[in-house]
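The block underneath contains the structure these notes are about, expressed in C-alpha cells.
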Amino acid sequence: MELLQKIYNFFPDAKFFGLYDFLTPIFVIRDPDLISTIAIKQFDNFCDHQGFVNETLDPIAARNLFNMKGDHWREMRKLLSPSFTSSKMKMMFELMCQSAENLTNFVITQSGEAAKTYNMKDLLSRYTNDTIATCAFGIDVNSFKNPNNEFFLLGKEALNFDGWLAFKFQMHLNFPQLAKFFKLRMFGPRVENFFKNVVATTVKARDEQGIVRPDMIQLMMETRNDDSRSEFDINEMTAQAFVFFLGGFDTISTAMCFMTHEIGVNPDVQGRLREEIDDVLRQTNDKPTYEAINRMKYLDAVINETLRLYSIAHFLDRKCVKETELPSATPDGKPIMIKPGDRIWFPVFCLHRDSKYYQDPDKFDPDRFLNGDVNNSVYMPFGIGPRICIGNRFALMEIKIVLFYLLWHCDIELDVKTRIPLMLKKKTIALLPDGGFWLKLRPKKSKIPVTPCLSNGHRIEGQ
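Read in order, the letters of the sequence shown correspond to residues 1 to 463 in my numbering.
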C-alpha cells in the first residue's frame, strides 16, 4: 500500500500509470472520470475480477459471487440481489439487534459500572460473527456466552491472513499455475466441510420442520425449487454463504474498530452521536426501529468518513475481457489499447486521501459528508458500478446497529494501550494498525442487561 501511494503521488496529473504486481503488469487508473467510464459505461469490457481461488482445489470458495465471471456472475448476482432489498434488510434488523444486545449485555456484565479495557477487534469480531451466522447461515451463535464455539474459531482460522494464508493468497493471485501444481488450497477441508455441514443441516431442518427465516439460506432454498436453477445444490449455497462470511466477518469488524477508535479519540463526535441517539430513543420510546436508525444523518456521516479514511480495500480490481482503447495518460501521450486478460486497479486508498478531492484528507471530519455531496468515483468503500459489493447495505446496517447500541449503553474512553495516532502496518494484506485496537468501555449508570430479541433460528451455542 505504501509503495502504491508513493507511485500515485509521483504522477499527479496522469490519468493512469503502470506498475508490476510481482510479474504481472497493472494499469492503475487515478482519473475519476476514467474510473467511471471503465467501471460503469464500459462495464461489459471490464466485467470480471482477477480470480484468486482455483475451482479444482477449492470448489466451495471458487464458486462464490466475487470469483464468478461473465454470465455466471450475472445470473448469480440477479439471484442473490433480492436478499438485500429494503424489505429484507428490515426483516434482518431484529436479528442484528439481538447480536448487538448480546454484545452490550456482555460488556455490562463484565464491567459493572467501572470502565474496562477491551480488545475491540476481538469484541467486534464476535458481533460480526454472530450477525452473519444468523443472517446468512440461519443459526444462532452467542460468541459472548460461548467464546470457543466452532463457528467463531473456524472463522478466525479461515481468515487469518498472516503468514501461510497470505503466502497462498499471493501464489493464487500472481502464480496460479504454481499454486495448482503444488495443490495449494486457500481453505483447508476442515473449514470447508464445517460450513458445508452447517448449510446442509440448516436446509434439512427447514425442509423437515417447515421453518422459514428472513435470511440468505431461505432465499436460496426457495430458488432451489425453481426448475431453471435445478443445479443450485448445497455446494453452491455454501459457496455464496461462505463468501458472505468472508466479506463480513473480518473486514467489517475492522471498520467498526476504526470507527470506535475515532469516536473515542474525538469526544465531540461522540457527544454529537449520543445526542442523535437520544433523539431517536425519545421518538421511539426506547425501541429503536429500522426506519429511525436509517434516518440518522450524523451517524451516516461518521460511518462514511471512517470508510473514507480507512478504506476496506486498498484498491479495486478489474480484468479486461474485450479489447478497449484508453485515452492517453498525459496530454502529450497517445491512446493505449487494453487487451483481454490485462489487469486494472482503482487505487481506493489513494483517492480517499487525495487533497485534490478532500480538504485536509488525513483529518477525521464527518462534517464533510453531511451535505450528501459524494462523488462515487473518488469515494468507493464498497466498490463502484455493477460489481459493487452486493452486501454493502447489509454491512452498513450491521455497523449502524452496533454503534447505536454501544453508545446507547456505554461511554467509549481511551486506554493507556490506545495508540494515538494509529500507525498502519506496512506488511499486511488487510488494513490494520500496529498494536491493535484497545479502548475502555464504561457502562452508563442505571443500565441493566437488555432483553434479547426473539428469533426462530436453531442454536449451536454448546459447540
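Beta carbons: idealized from backbone N, C-alpha and C, even for Gly.
Assign residue i to one of three DSSP states: helix, strand, or coil.
| i | result |
| --- | --- |
| Pro-12 | coil |
| Glu-325 | strand |
| Arg-393 | helix |
| Met-186 | coil |
| Ser-230 | At Ser-230, the pLDDT of 47 sits below 50, so the modelled position is not reliable; the number obtained from the coordinates is stated separately. Coil at Ser-230, not helix or strand. |
| Met-337 | strand |
| Ile-60 | helix |
| Thr-117 | strand |
| Leu-483 | Residue 483 cannot be examined here, being either before or after the span of the chain that is shown, 1 to 463. |
| Ile-35 | helix |
| Glu-413 | strand |
| Arg-272 | helix |
| Ile-139 | strand |
| Pro-386 | helix |
| Pro-214 | coil |
| Leu-165 | helix |
| Glu-2 | helix |
| Pro-82 | helix |
| Asp-71 | helix |
| Asp-48 | strand |
| Tyr-298 | helix |
| Thr-128 | helix |
| Gly-112 | coil |
| Arg-224 | helix |
| Arg-308 | helix |
| Val-199 | helix |
Please classify residue i as buried or exposed, where buried requires at least 16 other C-beta atoms within 10 Å of its C-beta.
| i | result |
| --- | --- |
| Phe-10 | exposed |
| Phe-364 | buried |
| Leu-178 | exposed |
| Met-68 | buried |
| Trp-408 | buried |
| Asn-129 | buried |
| Leu-23 | exposed |
| Tyr-464 | Look at the range of the chain in this structure, 1 to 463, and you will see that residue 464 is not part of it. |
| Leu-3 | exposed |
| Gln-50 | buried |
| His-72 | exposed |
| Pro-386 | exposed |
| Ser-230 | Low confidence applies to Ser-230: its pLDDT is 47, below 50, so where it sits in the model is not reliable enough to give any reading. |
| Arg-74 | exposed |
| Met-76 | buried |
| Ser-311 | buried |
| Thr-56 | exposed |
| Glu-222 | exposed |
| Phe-16 | buried |
| Glu-305 | buried |
Excluding five sequence neighbours on each side, which residues of the same chain lie with their C-beta closer than 8 Å to the C-beta of residue i?
| i | result |
| --- | --- |
| Ile-420 | Val-265, Leu-414 |
| Ala-292 | Val-280, Gln-283, Thr-284 |
| Val-191 | Leu-154, Glu-157, Ala-158 |
| Pro-82 | Lys-88, Leu-219 |
Who are the Cβ neighbours of residue i in its own chain at under 6 Å, not counting the five residues just before and after it?
| i | result |
| --- | --- |
| His-314 | Met-1, Phe-349 |
| Leu-370 | Ala-301 |
| Ser-111 | Pro-443 |
| Phe-106 | Phe-144 |
| Met-237 | Val-199, Met-220 |
| Lys-417 | Trp-438 |
| Gly-138 | Thr-202, Arg-213, Asp-215, Ile-217, Gly-457 |
Across which residues does DSSP place residue i in a beta bridge pair?
| i | result |
| --- | --- |
| Tyr-20 | Pro-25 |
| Phe-346 | Leu-316 |
| Lys-440 | Thr-117, Glu-413 |
| Leu-424 | Pro-433 |
Using a Cβ-based criterion (distance less than 7 Å to any ligand heavy atom), does residue i qualify as near the ligand HEM?
| i | result |
| --- | --- |
| Phe-382 | You won't find the ligand HEM in this model; it holds no ligand whatsoever. |
Please list, in chain order, all residues of the same chain as residue i whose beta carbon is under 7 Å from its beta carbon, the five residues on each side excluded.
| i | result |
| --- | --- |
| Arg-393 | Phe-84, Met-89 |
| Val-53 | Ala-61, Ala-62, Asn-67, His-172, Met-186 |
| Asn-64 | Ala-239, Gln-240, Phe-242, Val-243 |
| Met-256 | Leu-124, Ile-399, Val-402 |
| Ala-14 | Arg-30, Ala-329, Thr-330 |
Any 3 or more C-beta pairs closer than 8 Å across the stretch 339-349 and the stretch 311-322: yes
Sufficient close CB pairs (3 or more, under 8 Å) joining the stretch 376-394 to the stretch 343-351: yes
Meets three-Cβ-pair contact criterion under 8 Å: the stretch 96-111 and the stretch 140-152: yes
Segment contact flag, the stretch 399-407 with the stretch 295-310, C-beta cutoff 8 Å, min 3 pairs: yes
Touch test, the stretch 433-441 against the stretch 253-261, Cβ-Cβ under 8 Å, three pairs minimum: yes
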